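S.K.: Before I ask anything, let me first share the structure, which is written out below as structure tokens.
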Amino acid sequence: MPERALTPQATARYNGHVQCSRLAVVPTYNERENLPLVVERLLALNADLDILVVDDNSPDGTGDAADALARAHPEVHVLHRANREGLGRAYVAAFSWALQRGYRVIVQMDADLSHNPKYIPGMLAQLEESDLVLGSRYVPGGGVEDWGLIRRGVSRCGSWVARAMLRLPYRDLTGGFKAWRRETLERIDMSGVRSNGYCFQIEMTFRAHQHGARITEVPIVFPNRRLGTSKMRGRIVWEAIIRLWQLRSERD
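If you read the sequence shown in my numbering, its first letter stands for residue 544, the second for the next number, and so on.
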């Protein structure tokens with residue numbers, strides 16, 4: 544299980560050759576309690592799925608936990624990043640890692656168990672006829688659990704505003720549970736993706752839509768996290784507001 548340098552800021556624990564064509568990307572920051580549970584559930588799917596954990600130098604030891612999981616399971620790989628650079632940068636690094644190694648399908652998901660791996664087989668089946676599949680809280684059959692009224696309102700309002708400003712037909716633009724075809728990611732110029740927090744999910748779907756991707760939403764139920772603390776901060780919301788106005792100027 545060699546470690547090899549990718550950049551001065553990142554190293555990877557890569558367990559040899561690519562074993563399958565599908566990869567689940569799980570970014571982490573202080574998710575030591577949740578990560579083993581997520582990996583266990585992903586492996587239990589028996590879905591011919593490798594796992595890439597992308598850790599931003601978590602002070603709680605998440606990176607060490609990820610390395611232990613990689614030693615125990617050849618399907619698990621780890622990308623260590625030296626600094627906390629945000630969700631968007633973590634995904635951009637992970638997508639590059641995956642494309643370089645020939646993966647055909649990339650699933651992205653949170654590490655806090657809010658994205659239940661049980662939905663992945665259905666998302667992969669839908670991807671047979673789509674270029675991008677969105678796990679959606681706001682289509683029939685979807686929903687949220689244990690959210691307060693304010694959080695529900697903010698989330699729905701955020702998706703509604705993004706839909707209106709960018710003229711997109713999708714109901715859940717702020718969710719981060721997605722399945723991508725390789726070709727869809729390859730058409731997106733990642734150097735031009737500038738959103739890093741809350742708006743990263745919106746921007747990636749917007750970019751895919753711009754390139755004519757067939758995008759489908761499938762229902763998921765999104766529970767509140769049970770362990771750890773939320774990473775949502777006020778500055779992330781402000782970044783989303785600013786980036787939405789910038790993206791709006793590109794929509795036509």
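Using N, Cα and C, we set each Cβ at its ideal position, and we do this for glycine too.
This structure is a prediction, so every number in the text was calculated from the model and none was measured.
1. Beta-carbon separation of Ala615 and Asp598 under 7 Å?
2. Please state whether the Cβ-Cβ distance between Gly629 and Gly740 is less than 7 Å.
3. Count the other CB atoms, across all protein chains shown, that sit within 10 Å of the CB of Gly685; report buried if there are 16 or more and exposed otherwise.
4. Between the Cα of Glu576 and the Cα atoms of Tyr634, Pro570 and Asp603, which residue gives the shortest distance?
5. Looking at C-beta atoms only, is the number of pairs between the region 670 to 686 and the region 581 to 596 that lie closer than 8 Å three or more?
6. Hey, how far is the Cα of Met708 from the Cα of Ala613?
7. First and last residue of the beta strand (DSSP E) that includes Val676?
8. Which whole-angstrom value is the C-beta distance of Tyr646 and Pro570, which I expect to be below 8 Å?
9. Quick check on Ala590: does DSSP put it in helix, strand or coil?
10. Apply the 10 Å Cβ neighbour rule to Gln789 and answer buried if 16 or more other Cβ atoms are within range, or exposed otherwise.
11. What span of residues does the beta strand (DSSP E) with Arg565 cover, start to end?
12. Could you give the DSSP three-state label for Gly686: helix, strand or coil?
13. Taking buried to mean at least 16 other C-beta atoms within 10 Å of its own C-beta, is Trp703 buried or exposed?
14. For a test of the three-state rule: what should DSSP assign to Glu760, helix, strand or coil?
15. Tell me whether Leu622 sits in a helix, a strand or coil according to DSSP, three-state version.
16. In whole angstroms, give me the CA-to-CA distance for Pro766 and Ser679.
17. Is it true that the CB of Gln643 sits closer than 7 Å to the CB of Val568?
18. Mind pulling the beta strand (DSSP E) runs of 3 or more residues that sit fully within the region 599 to 652?
19. Is Ala705 closer than 7 Å to Thr727 when the C-beta atoms are compared?
20. Identify the continuous alpha helix (DSSP H) that holds Arg724 and give its terminal residues.
M.R.: Put simply:
1. no
2. yes
3. buried
4. Asp603
5. no
6. 42 Å
7. Leu675 to Ser679
8. Between Pro570 and Tyr646 the Cβ distance is about 16 Å, and since that is not below 8 Å, they are no contact.
9. coil
10. exposed
11. Arg565 to Thr571
12. strand
13. exposed
14. strand
15. strand
16. 13 Å
17. no
18. 619 to 624 and 648 to 651
19. no
20. Taken as a continuous stretch (DSSP letters only), Arg724 belongs to no alpha helix (DSSP H), being part of the beta strand (DSSP E) at Lys721 to Arg724.
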